[in-house]
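Colleague:
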Amino acid sequence: MSHDASQRPAGTPPPPPPHSHRSSDPAHNSGWAVGGVVFAGVLMFCNGILAILQGIAAIGEDDVYGRVGDYVYRINLTGWGWIHLILGICLVIVGYGVLKNLAWARYAGIFFASISLIAQFLFLPYLPIWAVIMIAIDVFIIWALAVYHPDDARRGDLI
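For the sequence shown, UniProt numbering gives the first residue as 1, with consecutive numbering after it.
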């Protein structure tokens with residue numbers, strides 16, 4: 001039966017439109033997912049810059065960070081410096097790719113944010129508060145990139 005105005009009794013309102021979770025019109029898509037990805041891209045870029053600086057500090061001076069006693073995952077600070085430096089460079093590149101809305105960057109972003117999360121967990125004894133903050137940021141980045149669907153945004157750059 002058609003819901004045509006000619007078949008409705010007089011005075012009855014038209015039926016509501018069918019519900020859909022996703023609109024096919026890009027202009028009607030949620031800005032939350034796109035905004036989360038842009039924010040994740042910016043966070044990855046900043047996280048990478050800070051990791052580069054953290055790595056340079058650890059490579060340059062072994063006494064920048066406090067001494068840690070017996071620790072199961074003990075790596076010397078020069079080693080940690082190189083880990084943070086390389087990870088930081090990767091995060092900057094991938095963060096830029098996320099901001100340019102490159103498909104590979106989303107998957108690489110999830111991967112490198114996961115690696116960053118693990119590295120920060122292992123770095124907890126050296127900078128506990130900083131590491132916990134960075135772990136929380138990495139969790140957000142992973143979430144934002146995992147829930148984003150390319151059809152939520154218009155094609156092209158996110159920024």
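We put the beta carbon where it would ideally sit given N, CA and C, even for glycine. None of the values given here were measured: they were computed from a predicted structure.
Compute the beta-carbon to beta-carbon distance between Ala144 and Val37, rounded to the nearest angstrom, for a pair I have assumed lies under 8 angstroms.
Modeller: Within the sequence shown, residue 144 is the residue found at index 144, counting from 1. Within the sequence shown, residue 37 is the residue found at index 37, counting from 1. The pair is a contact, with the Cβ atoms about 6 angstroms apart (cut-off 8 angstroms).
Colleague: Just how far apart, CA to CA, sit Phe111 and Cys90?
Modeller: In the sequence shown, counting from the first residue as 1, residue 111 sits at position 111. In the sequence shown, counting from the first residue as 1, residue 90 sits at position 90. The straight-line gap from Cα to Cα measures roughly 10 angstroms.
Colleague: Consider the Cβ of Ile133: report whether some Cβ of chain B lies at a distance smaller than 8 angstroms.
Modeller: Of the protein chains in this structure there is only one, and it is not chain B.
Colleague: Check whether the region 76 to 83 touches the region 95 to 106, counting contact only when three or more Cβ pairs, one atom from each stretch, lie closer than 8 angstroms.
Modeller: With the cut-off at 8 angstroms, the region 76 to 83 and the region 95 to 106 do not touch.
Colleague: Here's the rule: buried if 16 or more other CB atoms are within 10 angstroms of the residue's CB, otherwise exposed. What is Tyr107?
Modeller: Taking the sequence shown and counting its residues from 1, the one referred to as residue 107 is at position 107. It is exposed - the Cβ of Tyr107 has fewer than 16 other Cβ atoms within 10 Å.
Colleague: How many angstroms separate the CA atom of residue 248 from the CA atom of Phe39?
Modeller: There is simply no residue 248 to check, as the chain begins at 1 and stops at 159 in what is shown.
Colleague: What are the boundary residues of the alpha helix (DSSP H) that Gln120 is part of?
Modeller: Position 120 of the sequence shown holds residue 120. Counting along the chain, the alpha helix (DSSP H) containing Gln120 begins and ends at Ala103 to Leu122.
Colleague: So, under 8 angstroms CB-CB, Leu43 and Phe140 are touching, yes? Tell me the CB distance rounded to an integer number of Å.
Modeller: Position 43 of the sequence shown, counted from the first residue, corresponds to residue 43. Position 140 of the sequence shown, counted from the first residue, corresponds to residue 140. That belief holds up - the Cβ atoms of Leu43 and Phe140 are roughly 7 angstroms apart, short of 8 angstroms.
Colleague: Select from Trp130, Asn101, Ala103 and Ala136 the residue whose C-alpha is nearest the C-alpha of Ser114.
Modeller: Position 114 of the sequence shown, counting from 1, holds the residue named residue 114. Considering only alpha carbons, the answer is Ala136.
Colleague: Tell me which residues share the same chain as Ala27 and place their Cβ nearer than 6 angstroms to its Cβ, disregarding the 5 neighbours each side in the sequence.
Modeller: For the purposes of this step, residue 27 is taken as residue 27 along the sequence shown, with counting starting at 1. For Ala27, the predicted structure reports a pLDDT of 44, less than 50, and the residue's modelled location is therefore unreliable. A value from the coordinates is still provided. For Ala27, where only same-chain residues beyond five positions count, there are no Cβ hits under 6 angstroms.
Colleague: When we look at the beta-carbon of Ala51 and count the other beta-carbons within 10 Å, is it buried (16 or more) or exposed?
Modeller: Within the sequence shown, residue 51 is the residue found at index 51, counting from 1. Classification for Ala51: buried.
Colleague: Relative to the alpha-carbon of Val147, which residue among Ala10, Gln7 and Gly35 has its alpha-carbon at the smallest distance?
Modeller: Working through the sequence shown from its first residue, we reach residue 147 at position 147. The candidate whose alpha carbon is nearest that of Val147 is Gly35.
Colleague: Does DSSP put Leu127 in a helix, in a strand, or in coil?
Modeller: The sequence position of residue 127 within the sequence shown is 127, counting from 1. Three-state result, Leu127: coil.
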